[in-house]
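2 protein chains.
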Amino acid sequence: MYDGIVQELIDEFGRLPGIGPKSAQRIAFHILQTQNFDVSRLAELLAEVREKVRFCEVCGNITEEQRCSICRDPRRDATLICVVEEPKDVVAIERTRQFRGLYHVLGGAISPIDGVGPDDLSIPHLMQRLGSGEVREVIIATDPNLEGEATAAYLSRLLTSIEVPVSRLASGLPVGGDLEFADEVTLGRAFEGRQQLR
Amino acid sequence: MYDGIVQELIDEFGRLPGIGPKSAQRIAFHILQTQNFDVSRLAELLAEVREKVRFCEVCGNITEEQRCSICRDPRRDATLICVVEEPKDVVAIERTRQFRGLYHVLGGAISPIDGVGPDDLSIPHLMQRLGSGEVREVIIATDPNLEGEATAAYLSRLLTSIEVPVSRLASGLPVGGDLEFADEVTLGRAFEGRQQLR
Numbered sequence: 001m002y003d004g005i006v007q008e009l010i011d012e013f014g015r016l017p018g019i020g021p022k023s024a025q026r027i028a029f030h031i032l033q034t035q036n037f038d039v040s041r042l043a044e045l046l047a048e049v050r051e052k053v054r055f056c057e058v059c060g061n062i063t064e065e066q067r068c069s070i071c072r073d074p075r076r077d078a079t080l081i082c083v084v085e086e087p088k089d090v091v092a093i094e095r096t097r098q099f100r101g102l103y104h105v106l107g108g109a110i111s112p113i114d115g116v117g118p119d120d121l122s123i124p125h126l127m128q129r130l131g132s133g134e135v136r137e138v139i140i141a142t143d144p145n146l147e148g149e150a151t152a153a154y155l156s157r158l159l160t161s162i163e164v165p166v167s168r169l170a171s172g173l174p175v176g177g178d179l180e181f182a183d184e185v186t187l188g189r190a191f192e193g194r195q196q197l198r
Numbered sequence: 001m002y003d004g005i006v007q008e009l010i011d012e013f014g015r016l017p018g019i020g021p022k023s024a025q026r027i028a029f030h031i032l033q034t035q036n037f038d039v040s041r042l043a044e045l046l047a048e049v050r051e052k053v054r055f056c057e058v059c060g061n062i063t064e065e066q067r068c069s070i071c072r073d074p075r076r077d078a079t080l081i082c083v084v085e086e087p088k089d090v091v092a093i094e095r096t097r098q099f100r101g102l103y104h105v106l107g108g109a110i111s112p113i114d115g116v117g118p119d120d121l122s123i124p125h126l127m128q129r130l131g132s133g134e135v136r137e138v139i140i141a142t143d144p145n146l147e148g149e150a151t152a153a154y155l156s157r158l159l160t161s162i163e164v165p166v167s168r169l170a171s172g173l174p175v176g177g178d179l180e181f182a183d184e185v186t187l188g189r190a191f192e193g194r195q196q197l198r
């Protein structure tokens, strides 16, 4: 609908996840009309990001070095590994400030519908890390959905061969939530996982 | 939260309208992980768009030439001018295929709260265009909100000096909508603007 380059820009933005045609148009006009929006910086970053960013050779988290900042940090407890699906899960857990071990980023979850099997994830690499004998505990922190649960179940079976405690993050009522709005599966899990008070 | 450049990219995307921190993160990871997303094309477009795109010297619509494609089109009726706020309004009206005249893009609407007065819009330029005597009808198509209505009222007063019919787009019930869900102002307008059937 627009002349040349503006329409191309709208189309490119429209290809990004969560951006529909209307939002793409709004963003393109914002870039055109807002003088203090640093368009060249965004262009530079886009050009650089693919070539500079890679995956940590130890845990699979994103980094610009060979090893990510967490794996490089000598204060982290290397005997504890938390297994997550994606680099953004690392960030979410770091925000809690409760975990001082290392991570292992699988790069997704087992999902037969999407054609993702155990071999498409960095599970062999995880087994290799655990094989070194340094690790004393594994915490599985995959998403509490169908794919995440399937991945957790697969891993827990696989890890029976290794003599370390393996745990899974608790499912239950979200803190600050309202009991009446919890779905039945979550509420059922909260019952199953109830903790003794006295 | 992320190492260097990834966080910078997330921050830049987060500065665009309608993109919160979570969406910005999702977009950044999409760009990192999707091999077939043409990141260099988006970078190129961003670098080019500000320098190539300008405003049509006649109507104020966006274009890469001196005049936009509508003003250049000899089949358009130059005696009819439709006044809109933004270039995207031109696109919306073009989509109806009902208007064959030219446009005049004001570049916004009168809004005292945002410090936008008549002189900040291309109203003097509009008066100049109308002064040439070629124009036989003006249709005011500013938004049906507070600022758009104020701009329409201001323009209709200003245009009393020029002897051409001036009209405003009809307000009323949206087609395909449900009467019971219409707000009272819209419903009131629909009554005021009711049309004789027989």
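Chains as they are written, first to last, in UniProt numbering: chain A, 1 to 198; chain B, 1 to 198. For every residue, glycine included, the Cβ atom is placed at its ideal position computed from N, Cα and C.
> When burial is assigned at 16 or more other CB atoms within 10 Å of the CB, is residue 96 of chain B buried or exposed?
Replying inline: The residue you call residue 96 of chain B lines up with position 96 of the second sequence. Its Cβ having fewer than 16 others within 10 Å, residue 96 of chain B is exposed.
> Based on Cα-Cα distance, which residue from B/113, B/143, B/109 and B/128 lies nearest to residue 120 of chain B?
Replying inline: Position 120 of the second sequence, counted from the first residue, corresponds to residue 120 of chain B. The candidate whose alpha carbon is nearest that of residue 120 of chain B is B/109.
> Shortest alpha-carbon distance to residue 28 of chain B belongs to which of B/2, B/77, B/17 and B/80?
Replying inline: Translated into the one-based positions of the second sequence, residue 28 of chain B becomes position 28. Here the closest residue by C-alpha is B/2.
> Does the distance from the C-beta atom of residue 49 of chain B to that of residue 81 of chain A stay below 8 Å?
Replying inline: Locating residue 49 of chain B in the second sequence gives position 49, counting from the first residue. Locating residue 81 of chain A in the first sequence gives position 81, counting from the first residue. Not closer than 8 Å, so no.
> By Cβ distance below 7 Å, which residues in the same chain neighbour residue 87 of chain B in space, the five residues on each side in sequence not counted?
Replying inline: Position 87 of the second sequence holds residue 87 of chain B. Correct list, in chain order: 61, 62 and 105.
> Smallest Cα separation from residue 52 of chain B: which of A/32, A/51 and A/65?
Replying inline: On the second sequence, residue 52 of chain B is found 52 positions in, with the first residue counted as 1. When only C-alpha atoms are compared, the closest one is A/32.
> Per DSSP, residue 102 of chain B is paired with what?
Replying inline: Taking the second sequence and counting its residues from 1, the one referred to as residue 102 of chain B is at position 102. DSSP output for residue 102 of chain B lists B/81 as bridge partner(s).
> Of the residues B/174, B/140, B/152 and B/185, which one's Cα is nearest the Cα of residue 117 of chain B?
Replying inline: Along the second sequence, one-based indexing puts residue 117 of chain B at 117. The shortest C-alpha separation from residue 117 of chain B is found at B/152.
>> Threshold first: 4 residues or longer. Then list the alpha helix (DSSP H) segments lying entirely within the stretch 1 to 44 of chain A, N to C.
In response: 4 to 14 and 21 to 33
>> Taking CB distances under 8 Å as the criterion, tell me whether residue 117 of chain A reaches chain B.
In response: Along the first sequence, one-based indexing puts residue 117 of chain A at 117. No, its Cβ sits nowhere closer than 8 Å to a Cβ of chain B.
> With which residues is residue 138 of chain B paired in a DSSP beta bridge?
Replying inline: Your numbering for residue 138 of chain B matches position 138 in the second sequence. The partner list for residue 138 of chain B (beta bridge, DSSP) reads B/81 and B/166.
> Is DSSP giving residue 95 of chain B helix, strand or coil here?
Replying inline: Locating residue 95 of chain B in the second sequence gives position 95, counting from the first residue. Residue 95 of chain B falls in the helix class under three-state DSSP.
> Name the chain A residues whose beta carbon is nearer than 9 Å to that of residue 39 of chain B?
Replying inline: Numbered from its first residue, the second sequence carries residue 39 of chain B at position 39. Those within 9 Å of residue 39 of chain B in chain A are 46, 47, 49 and 50.
>> If contacts are defined as beta-carbon pairs under 8 Å, then residue 155 of chain A and residue 140 of chain A qualify, I think. What distance do you get, rounded to the angstrom?
In response: Taking the first sequence and counting its residues from 1, one reaches residue 155 of chain A at position 155. Taking the first sequence and counting its residues from 1, one reaches residue 140 of chain A at position 140. Indeed they touch by this definition, with Cβ atoms about 6 Å apart.
> Between residue 85 of chain B and residue 8 of chain B, what straight-line distance do the alpha-carbon atoms span, to the nearest angstrom?
Replying inline: Here residue 85 of chain B refers to the residue found at position 85 of the second sequence. Here residue 8 of chain B refers to the residue found at position 8 of the second sequence. Rounded to whole angstroms, residue 85 of chain B to residue 8 of chain B spans 34 Å at the Cα level.
>> Assuming the contact rule is C-beta atoms closer than 8 Å, residue 135 of chain B and residue 79 of chain B should be a hit. Round their C-beta distance to whole Å, please.
In response: Here the question's residue 135 of chain B lines up with position 135 in the second sequence. Here the question's residue 79 of chain B lines up with position 79 in the second sequence. Their Cβ separation, rounded to whole angstroms, is 6 Å, which keeps residue 135 of chain B and residue 79 of chain B in contact under 8 Å.
> When the Cα of residue 112 of chain A is compared with those of A/70, A/67, A/147 and A/23, which residue comes out closest?
Replying inline: Position 112 of the first sequence, counted from the start, is the residue given in the question as residue 112 of chain A. Comparing Cα positions, the closest option is A/147.
> With a cut-off of 8 Å, does the C-beta of residue 199 of chain B fall near any C-beta of chain A?
Replying inline: Here chain B has residues from 1 to 198 only, and residue 199 of chain B is not among them.
>> Against chain C, with Cβ distances strictly below 8 Å, would residue 135 of chain A count as a contact?
In response: Looking at the structure shown, chain C is missing, and the protein chains on hand are A and B.
> Name the chain A residues that come within less than 8 Å of residue 69 of chain B, Cβ to Cβ?
Replying inline: As a first step, residue 69 of chain B is located in the second sequence; it is residue number 69 there, counting from the start. Simply 3.
> Can you tell me whether DSSP reads residue 189 of chain A as helix, strand or coil?
Replying inline: Position 189 of the first sequence, counted from the start, is the residue given in the question as residue 189 of chain A. Three-state DSSP puts residue 189 of chain A in a helix.
> Straight-line CA distance for residue 94 of chain B to residue 54 of chain B?
Replying inline: Translated into the one-based positions of the second sequence, residue 94 of chain B becomes position 94. Translated into the one-based positions of the second sequence, residue 54 of chain B becomes position 54. Between residue 94 of chain B and residue 54 of chain B, the C-alpha separation is close to 20 Å.
>> Buried or exposed, going by whether 16 or more other CB atoms sit within 10 Å of the CB of residue 89 of chain B?
In response: Counting from 1 along the second sequence, the entry for residue 89 of chain B is found at position 89. So residue 89 of chain B ends up on the buried side.
>> Taking the alpha carbon of residue 68 of chain B as the reference point, which residue from B/77, B/75, B/76 and B/57 has its own alpha carbon closest?
In response: On the second sequence, position 68 is the one that residue 68 of chain B refers to. When only C-alpha atoms are compared, the closest one is B/57.
> Bridge partners of residue 116 of chain A, per DSSP?
Replying inline: To locate residue 116 of chain A, count along the first sequence from 1; it is residue 116. Per DSSP, A/111.
>> Between A/143, A/124 and A/179, which has its C-alpha nearest residue 159 of chain A's C-alpha?
In response: The count along the first sequence starts at 1 and reaches residue 159 of chain A at position 159. Residue 159 of chain A has its Cα closest to that of A/124, out of A/143, A/124 and A/179.
>> Can you determine whether any heavy atom of the ligand GTP sits closer than 7 Å to the C-beta of residue 69 of chain B, and answer yes or no?
In response: Only the bare structure without any ligand can be found here, which leaves the ligand GTP out of the picture.
> Are the C-beta of residue 58 of chain A and some C-beta of chain B separated by less than 8 Å?
Replying inline: Locating residue 58 of chain A in the first sequence gives position 58, counting from the first residue. Cβ-Cβ to chain B under 8 Å: no for residue 58 of chain A.
> What's the call for residue 13 of chain B, buried or exposed, on a 16-neighbour Cβ count within 10 Å?
Replying inline: Looking up residue 13 of chain B in the second sequence gives position 13. Buried, because 16 or more other Cβ atoms sit within 10 Å of the Cβ of residue 13 of chain B.
>> So, at 7 Å on beta carbons, what are the nonlocal neighbours of residue 174 of chain B in its own chain, with the 5 sequence-adjacent residues on each side left out?
In response: Translated into positions along the second sequence, residue 174 of chain B becomes position 174. So the list is empty, once near-sequence residues are dropped.
> Taking only beta-carbon atoms, is residue 30 of chain A less than 8 Å away from chain B?
Replying inline: In the first sequence, counting from the first residue as 1, residue 30 of chain A sits at position 30. Closer than 8 Å to some Cβ of chain B, the Cβ of residue 30 of chain A qualifies, so yes.
>> By alpha-carbon positions, which one of B/115, B/76, B/92 and B/35 ends up nearest to residue 100 of chain B?
In response: The count along the second sequence starts at 1 and reaches residue 100 of chain B at position 100. The shortest C-alpha separation from residue 100 of chain B is found at B/76.
>> Measuring straight from C-alpha to C-alpha, what distance separates residue 39 of chain B and residue 122 of chain B?
In response: Mapped onto the second sequence, residue 39 of chain B falls at position 39. Mapped onto the second sequence, residue 122 of chain B falls at position 122. If I take the Cα positions, the gap works out to 37 Å.
> In whole angstroms, what is the alpha-carbon distance linking residue 71 of chain A and residue 145 of chain B?
Replying inline: Taking the first sequence and counting its residues from 1, the one referred to as residue 71 of chain A is at position 71. Taking the second sequence and counting its residues from 1, the one referred to as residue 145 of chain B is at position 145. When rounded, the distance between both Cα atoms is 55 Å.
> Among A/127, A/182 and A/172, which has the Cα closest to the Cα of residue 189 of chain A?
Replying inline: Taking the first residue of the first sequence as position 1, residue 189 of chain A is located at position 189. The candidate whose alpha carbon is nearest that of residue 189 of chain A is A/172.
> Which residue's Cα is closest to the Cα of residue 131 of chain A: A/157, A/161 and A/150?
Replying inline: As a working note, residue 131 of chain A is residue 131 in the first sequence. Here the closest residue by C-alpha is A/161.
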